[in-house]
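Residue numbers (the numbering used here), protein chains in the order written: chain A, 1 to 161; chain B, 162 to 916; chain C, 917 to 988.
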Amino acid sequence: MERHLLRITVNGQEHELYINPKTLLVEVIRDHLGLTGTKRGCETVSCGACTMIVEGMSVKGCSVLAMQVDGLKVTTVEGLEDHGKLHPIQKAFIDHGSYQCGFCTSGMLMSSKALLDENPKATIKEIREGLDGNLCRCTGYNSIVRAVDAVCKGQYREDEA
Amino acid sequence: MKYNIINTHTHNIDGVAKVTGRATYTVDVTLPGMLYGRILRSPHPHAKIINVDASKALALSGVKGVVTGKDTLGVKQGIWRRYSELCDEQILPLEKVRYIGEPVAAVAAISEEIAEAALDLIEVEYEVLPAVYDAMEAIKKEAPLVHEGVERNINVTRHIEWGDLEEAFEQSEYIREDWFKCSGQAHMCMETRSAVASYTPEGKLTVWTSTQSPYYMQALLAGVLGMKESDVRVIAHYVGGGFGGKFELDGAQFCASVLSMKLFRPVKIVFTREEDFIASKRRTPMYYYVRTGVKKDGTFMAREARVFTEGGAYTSMGATALYLTGFFHSFPYKWQAYRYDGYRVYTNTLPSTSMRGFGAPQAQFCSETQIDIIAKELGIDRFEIRRMNGHTTNYEVPGQATIASCGLEQCINKIEEWVKSRGKLPANRGIGISCYGFMSGGIFNWFDTPYSFSSAVVTINCDGKVDLHVGCQEIGQGSNTTMAMICAEELGVRVEDIRVHSGDTAECPPDLGAWGSRQTLMAGNATKMAAADAKRQLLEFATAKMGPNIVYDLDIKDRWIHLVARPERGIDYFELVKEALRGKEGQRIMGRGYYTPHRKGMISPAYSYGVQALEIDVDPETGKISLLNCVTAHDCGQPVNPLGVHGQLEGAISMAAGYGFLEDLPMEDGKILNPNLVDYKLIRAPEMPETEVIEIETYEPEGPFGAKEAGEGLTNPTAAALSTALYEALGITVKQLPITPEKVLNALREKAKEA
Amino acid sequence: MKYSCPVCGKMAKTGSAVDCARHMFGTGDKAHRAWFEAQGLSYIDLLLSQTMEPGNKAYVTVAELLEKNLKE
Numbered sequence: 001m002e003r004h005l006l007r008i009t010v011n012g013q014e015h016e017l018y019i020n021p022k023t024l025l026v027e028v029i030r031d032h033l034g035l036t037g038t039k040r041g042c043e044t045v046s047c048g049a050c051t052m053i054v055e056g057m058s059v060k061g062c063s064v065l066a067m068q069v070d071g072l073k074v075t076t077v078e079g080l081e082d083h084g085k086l087h088p089i090q091k092a093f094i095d096h097g098s099y100q101c102g103f104c105t106s107g108m109l110m111s112s113k114a115l116l117d118e119n120p121k122a123t124i125k126e127i128r129e130g131l132d133g134n135l136c137r138c139t140g141y142n143s144i145v146r147a148v149d150a151v152c153k154g155q156y157r158e159d160e161a
Numbered sequence: 162m163k164y165n166i167i168n169t170h171t172h173n174i175d176g177v178a179k180v181t182g183r184a185t186y187t188v189d190v191t192l193p194g195m196l197y198g199r200i201l202r203s204p205h206p207h208a209k210i211i212n213v214d215a216s217k218a219l220a221l222s223g224v225k226g227v228v229t230g231k232d233t234l235g236v237k238q239g240i241w242r243r244y245s246e247l248c249d250e251q252i253l254p255l256e257k258v259r260y261i262g263e264p265v266a267a268v269a270a271i272s273e274e275i276a277e278a279a280l281d282l283i284e285v286e287y288e289v290l291p292a293v294y295d296a297m298e299a300i301k302k303e304a305p306l307v308h309e310g311v312e313r314n315i316n317v318t319r320h321i322e323w324g325d326l327e328e329a330f331e332q333s334e335y336i337r338e339d340w341f342k343c344s345g346q347a348h349m350c351m352e353t354r355s356a357v358a359s360y361t362p363e364g365k366l367t368v369w370t371s372t373q374s375p376y377y378m379q380a381l382l383a384g385v386l387g388m389k390e391s392d393v394r395v396i397a398h399y400v401g402g403g404f405g406g407k408f409e410l411d412g413a414q415f416c417a418s419v420l421s422m423k424l425f426r427p428v429k430i431v432f433t434r435e436e437d438f439i440a441s442k443r444r445t446p447m448y449y450y451v452r453t454g455v456k457k458d459g460t461f462m463a464r465e466a467r468v469f470t471e472g473g474a475y476t477s478m479g480a481t482a483l484y485l486t487g488f489f490h491s492f493p494y495k496w497q498a499y500r501y502d503g504y505r506v507y508t509n510t511l512p513s514t515s516m517r518g519f520g521a522p523q524a525q526f527c528s529e530t531q532i533d534i535i536a537k538e539l540g541i542d543r544f545e546i547r548r549m550n551g552h553t554t555n556y557e558v559p560g561q562a563t564i565a566s567c568g569l570e571q572c573i574n575k576i577e578e579w580v581k582s583r584g585k586l587p588a589n590r591g592i593g594i595s596c597y598g599f600m601s602g603g604i605f606n607w608f609d610t611p612y613s614f615s616s617a618v619v620t621i622n623c624d625g626k627v628d629l630h631v632g633c634q635e636i637g638q639g640s641n642t643t644m645a646m647i648c649a650e651e652l653g654v655r656v657e658d659i660r661v662h663s664g665d666t667a668e669c670p671p672d673l674g675a676w677g678s679r680q681t682l683m684a685g686n687a688t689k690m691a692a693a694d695a696k697r698q699l700l701e702f703a704t705a706k707m708g709p710n711i712v713y714d715l716d717i718k719d720r721w722i723h724l725v726a727r728p729e730r731g732i733d734y735f736e737l738v739k740e741a742l743r744g745k746e747g748q749r750i751m752g753r754g755y756y757t758p759h760r761k762g763m764i765s766p767a768y769s770y771g772v773q774a775l776e777i778d779v780d781p782e783t784g785k786i787s788l789l790n791c792v793t794a795h796d797c798g799q800p801v802n803p804l805g806v807h808g809q810l811e812g813a814i815s816m817a818a819g820y821g822f823l824e825d826l827p828m829e830d831g832k833i834l835n836p837n838l839v840d841y842k843l844i845r846a847p848e849m850p851e852t853e854v855i856e857i858e859t860y861e862p863e864g865p866f867g868a869k870e871a872g873e874g875l876t877n878p879t880a881a882a883l884s885t886a887l888y889e890a891l892g893i894t895v896k897q898l899p900i901t902p903e904k905v906l907n908a909l910r911e912k913a914k915e916a
Numbered sequence: 917m918k919y920s921c922p923v924c925g926k927m928a929k930t931g932s933a934v935d936c937a938r939h940m941f942g943t944g945d946k947a948h949r950a951w952f953e954a955q956g957l958s959y960i961d962l963l964l965s966q967t968m969e970p971g972n973k974a975y976v977t978v979a980e981l982l983e984k985n986l987k988e
C-alpha cells in the first residue's frame with residue numbers, strides 16, 4: 001500500500017507523516033501523533049466526540065480523510081491550554097460542572113470554541129444549536145450551555161488576554 | 162446544617178484532567194507489544210456450535226492467535242454468584258449461541274485492520290435451532306428452551322406481598338386495571354465497552370477496563386480464569402459512563418484476558434458502537450398488569466401487579482431488576498395490601514440487565530400513569546391524592562423497609578406551588594407530575610463477597626496532605642469528589658488537601674462499585690469513618706500537646722486544630738502533623754473505615770424521594786412532543802456535592818425522557834434494527850428543557866452527614882411525568898413505551914372515535 | 917348464585933363466579949394452581965393472557981368452568 005506524505009500543523013506544531021491515504025484525520029491525531037485527548041464514540045459521524053477545529057471550523061475528525069487537511073492548521077483539545085494556563089472555556093466548564101465522565105468533553109470544548117470564535121455573543125438558542133452535533137449521555141447538556149453562555153457574557157474576559 | 166465543605170459549590174476534582182485531554186481512558190491505553198483484538202459474533206439467535214475452523218485466520222500475516230470457548234475453563238459465570246443456577250453465561254460459549262451478537266471466537270493481531278480481516282477468515286459451522294424472541298411466546302409450552310432444563314424458559318420468579326389483598330379490594334370503592342408495555346433501552350455510554358489485558362510470565366494478569374466495579378471484575382475474572390483474585394489487577398482510572406451496563410463481566414474483558422493468557426502479550430479490545438448496541442446488555446423490557454383499588458376519597462387500598470420481563474439470553478442482573486421493579490411499583494405510597502408477582506423469561510435476544518433506575522422507571526411509568534387516571538375519574542386533585550397516600554418518616558413498608566427519612570410531602574407541596582404558578586396553559590400543552598422513591602444501595606449480598614461492602618483508608622503524610630484510598634468507582638457521577646469532600650469535612654482540612662486514589666484493585670480496598678446508588682451512602686460512611694479515625698489519632702497527640710480537659714474539647718476546622726469553646730486557641734494543622742509524625746516514630750497517621758448495612762430491612766438502608774413536573778408541548782398534527790420545562794423537588798437527605806447533584810439531575814432527565822419518548826431497540830427475529838447513533842434517537846442539546854431543582858433537606862441517620870442517594874432515583878419519574886403530561890395536555894394515555902409520535906396520533910384517533 | 921372457592925372455601929367479594937375466579941387466580945399458591953392443572957388449564961397460560969391482553973379473558977374462562985362444575 002503506497003503511503004502518501006501528509007503535512008499538517010497541529011496545535012501550532014508542523015508535522016510530516018507518511019500515511020495510508022485511507023487514514024481518517026482522527027486516526028492521525030490519536031494513533032499517529034498520540035494526541036489522545038480527542039475521542040471516538042461511533043462509526044457513523046453522529047456523536048461528535050472526535051470534534052476538532054480545522055482552519056477555524058469545527059470538524060468531526062472521523063468524517064474527513066487526513067489527506068483532505070494536507071497543509072492545513074488543526075487545533076485539538078490539547079491546544080487550548082497555554083503553558084498550564086487554561087482557556088476561558090475550560091475554566092468555565094470546571095466552574096459549571098460541565099462534564100461528568102468526560103468522554104464527550106474534548107469534542108464539546110472544541111465545538112464550543114468554534115462557536116464562540118464565530119459568534120462571541122451567541123444566544124442560548126444558538127449555543128444549543130451549535131452543540132447539536134455533540135452527544136452527551138451524562139450531563140443533559142444544560143451545564144455545558146451555561147458554561148458557554150458565561151463566556152459569552154464576558155465572565156472570563158480577564159482570561160482571554 | 163451548615164458545613165465548611167459539605168453542600169458548598171466545589172469543583173469536580175478530576176476537572177483539569179478531563180478538560181485538557183489528559184484523562185486516559187481504557188481506549189487511550191497503549192502498551193509495548195500490544196495486540197489488537199476483535200470478536201467474531203454469532204449471526205444466529207439460537208444455534209449449536211458444531212465446529213470453529215480458524216486455520217485460515219491464523220495463516221494471515223499479523224494474526225497472532227485465535228481463541229474460542231475451547232480455550233477457556235468453560236466456567237458458567239454470572240454476577241449473582243451466590244446462586245449457581247443463575248450463573249448461566251459462558252462468555253465464549255462451548256456448545257451453543259443464544260443471541261445474535263454473542264461472541265464465538267476472538268482474534269488478536271498486530272493491527273485492528275488485520276484483526277478485522279481475520280474475522281472473515283474464521284469458519285464456523287452452526288446447526289441453527291428454532292428461536293423465540295418474545296417473553297410471552299417463550300413462556301408457552303411449545304416454545305424452544307433457551308437453557309436446557311429451565312421449564313417454560315422461566316429464569317427467575319419474585320413475589321412480594323403484604324396485607325390481605327382480597328379484603329382490601331373488597332373494601333375498595335373504585336377498582337381499575339391497566340396493561341402496559343415497557344421497552345428496553347441502551348446504556349449508550351459515550352465510551353464503548355473496552356479492555357486492555359496483559360498477562361505476564363509471573364502468572365499475573367492486569368486489565369485496564371471501562372468498568373463500574375474493578376473489584377467485581379477482579380473477582381469474576383479470577384473465577385473464570387482459575388486464578389487467585391489477588392493475582393488479577395483491574396485498573397479503571399477514567400471511565401466513560403456506565404449507567405448499569407458495566408459491572409458485569411463483558412466480552413472485551415474476557416476475550417482480551419483469554420487471548421493475553423495464551424499469547425503473553427497485551428491485547429486491546431474496543432467495541433465498535435454497533436457492537437456496543439448489539440452485544441452489551443440493555444434495560445429490561447417488561448409487560449405490566451396492574452389492578453388497583455381505592456376508596457372514593459382517594460385512599461389507596463389494594464394493588465396487585467403481574468409482570469413478565471424479557472430476560473434475553475442470560476440472567477445478568479435481571480433477577481435484581483425483577484425484584485426492584487415490583488418493590489418500587491408500590492413506591493412512594495402506603496398500600497393497605499399489595500401483591501407483586503414477577504416472572505423473568507429467557508428469550509433468544511440480547512440479555513437484559515440493570516440500567517439506571519433498575520426496574521423503577523418502568524414501575525413508576527405504570528403506577529403514576531394509572532394514578533392520574535384514577536384521580537381524574539374520582540374527581541380528586543392529583544397532588545392531593547398523592548399527598549394523602551405518600552410515605553412519611555418512620556413508615557414501615559410491611560416486611561420490607563423502614564423509612565427513616567422522608568421529604569416526600571414537602572416535595573409534593575413545592576411542585577404543586579410551581580405547577581399552580583404556571584397558571585392556565587395554552588392548548589396542546591400539559592404539565593405532568595410523578596413521584597418516586599429510591600434506594601441508597603442494596604443490602605442483599607448476592608455477589609457473595611466476604612469483604613465489607615465499602616472500605617476506605619485515610620493516610621496523613623508529613624506535609625499534612627492526605628491520601629484517601631477508596632474502592633468506590635468514579636464513572637463520571639463524581640464519587641471521587643464526593644469522597645474528597647466528606648473526608649475533608651470530617652478531618653477538618655480542605656478538598657485540595659486530599660488526593661483520591663480509586664480505580665485500581667492493587668492500590669485500593671475492595672468496594673462493590675458504582676451501581677444501585679450505593680456509593681454516597683456506603684463508601685461515604687466508610688470514608689467518614691476512616692477520616693474520623695485519622696482525626697482522632699491526630700487529636701490524641703494534640704491533646705497531649707495542648708492539654709485540654711478532655712480530647713472531645715478539641716476539633717479541627719479548615720486546617721486549624723482548636724479548642725471548641727475557645728476557637729482562637731489552637732495550632733495550625735500542618736504544624737501539628739509534622740510534630741505528630743515524629744512523635745509516632747515517623748509512622749504516617751492512618752485511619753481505616755468500612756461499612757456494610759445490616760438489620761436495615763430487605764432492600765436498602767435508606768430511601769431518597771422526589772417529585773418531578775415536566776411541561777410538554779404536543780403537536781396534534783404530527784404527534785411530536787417537545788420538552789419545555791422540568792422542575793424537580795428532591796430529597797437526598799443532606800446534599801454533599803450540589804454541583805454534582807444538579808448535574809446528575811439534568812443527566813437523569815435527558816436519559817429518562819429519552820426512555821419516555823425517543824429511545825427504543827426494536828428487533829426483528831432477534832436482530833436489533835437500529836444499532837447505530839443515526840437510527841437510535843437520543844436527546845441532543847436543542848431538545849433538552851430548562852431545568853430547576855428544589856432541594857428538600859432532610860436528615861438520613863444512616864448516611865454520612867445525613868446524605869442519601871442522588872442520581873439514580875432521579876431517573877425514575879421522567880417517563881411517568883411525560884405520560885401524565887400527555888394526559889393533561891390532550892386527555893390521552895399511551896401505555897406503551899416509548900411514546901412515539903405514531904402512538905400519540907393513534908391515541909388521538911381512538912379518542913376521536915369514542916367521542 | 918354464590919360461589920365459594922373449591923380449594924379453600926373462601927367466598928370473594930360479591931360471590932360471583934368471576935370474583936371467585938379472580939380470588940383463585942390471585943392467590944396463586946400451590947394448592948390453587950393444582951386445581952387449575954386438574955381442570956386441564958395451564959396456570960401460566962392464564963397468567964400470560966391476563967398480563968398481555970385487556971379484557972380479563974382468563975377470569976372469564978375460569979368463571980365459566982366454575983359455573984359448569986357447579987351445574988354438574
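C-beta: ideal position from N, C-alpha, C; glycine also.
None of these values were measured; they are calculated from a predicted model.
Distance between beta carbons of residue j and residue i, contact taken as under 8 Å
| i | j | result |
| --- | --- | --- |
| B:Gly223 | B:Ile271 | 4 Å |
| B:Leu826 | A:Ser46 | Rounded, the Cβ-Cβ distance is 16 Å, inconsistent with contact. |
| B:Ala380 | B:Ala417 | Wrong, their Cβ atoms sit about 17 Å apart, outside the cutoff. |
| B:Thr508 | B:Asp295 | 7 Å |
C-beta atoms of residue i and residue j nearer than 7 Å
| i | j | result |
| --- | --- | --- |
| B:Val285 | B:Val268 | no |
| B:Ile300 | B:Val506 | yes |
| B:Ala703 | B:Leu737 | yes |
| B:Ile857 | B:Asp778 | no |
| B:Tyr504 | B:Ile315 | yes |
| B:Leu366 | B:Val393 | yes |
N- and C-terminal bounds of the alpha helix (DSSP H) containing residue i
| i | result |
| --- | --- |
| C:Asn985 | 973 to 987 |
Residue nearest to residue i in terms of C-alpha spacing, selected from the options
| i | options | result |
| --- | --- | --- |
| B:Ile211 | B:Thr233, B:Lys257, B:Ile167, B:Gly198 | B:Lys257 |
| B:Ile576 | B:Asn790, B:Val393, B:Asn168 | B:Asn790 |
| B:Ser374 | B:Phe614, B:Arg660, B:Glu746, B:Lys896 | B:Phe614 |
| B:Tyr287 | B:Ala684, B:Asp714, B:Pro204, B:Asp840 | B:Pro204 |
Unbroken beta strand (DSSP E) run spanning residue i, endpoints
| i | result |
| --- | --- |
| A:Gln13 | 13 to 19 |
| B:Glu861 | Looking at the DSSP string, B:Glu861 is not in any beta strand (DSSP E), and its letter there is neither H nor E. |
| B:Arg199 | 196 to 202 |
| B:Cys596 | 590 to 600 |
| B:Ser787 | 786 to 796 |
| B:Ser640 | Not the beta strand (DSSP E): B:Ser640 falls in the alpha helix (DSSP H), residues 640 to 652. |
9 Å Cβ cut-off: residues of chain C touching residue i
| i | result |
| --- | --- |
| B:Tyr904 | What sits at residue 904 of chain B in the sequence shown is Lys, not Tyr. Going along chain C, no residue has its Cβ under 9 Å from B:Lys904, so there is no contact; the nearest lies around 16 Å. |
Interface partners of residue i on chain A, CB under 8 Å
| i | result |
| --- | --- |
| B:Glu435 | Glu43 |
| B:His795 | Correct list: empty, because the minimum Cβ distance to chain A is about 15 Å. |
Within chain C, the residues that residue i reaches when beta carbons sit closer than 8 Å
| i | result |
| --- | --- |
| B:Met340 | It is Trp, not Met, that sits at residue 340 of chain B in the sequence shown. Thr967, Met968, Glu969, Pro970, listed in chain order. |
| B:Lys302 | Ser958, Asp961 |
Contact set between residue i and chain B, taken where Cβ atoms lie within less than 7 Å
| i | result |
| --- | --- |
| A:Ser165 | Outside the shown range of chain A, which is 1 to 161, sits residue 165 of chain A, and nothing can be said about it. |
| A:Thr139 | Gly808, Glu811, Gly812 |
Per-residue contacts from residue i into chain A (C-beta, under 7 Å)
| i | result |
| --- | --- |
| B:Gln638 | Gln100 |
Neighbouring residues, chain B, relative to residue i (Cβ below 9 Å)
| i | result |
| --- | --- |
| A:Gln90 | Gly176, Val177, Val180, Thr181 |
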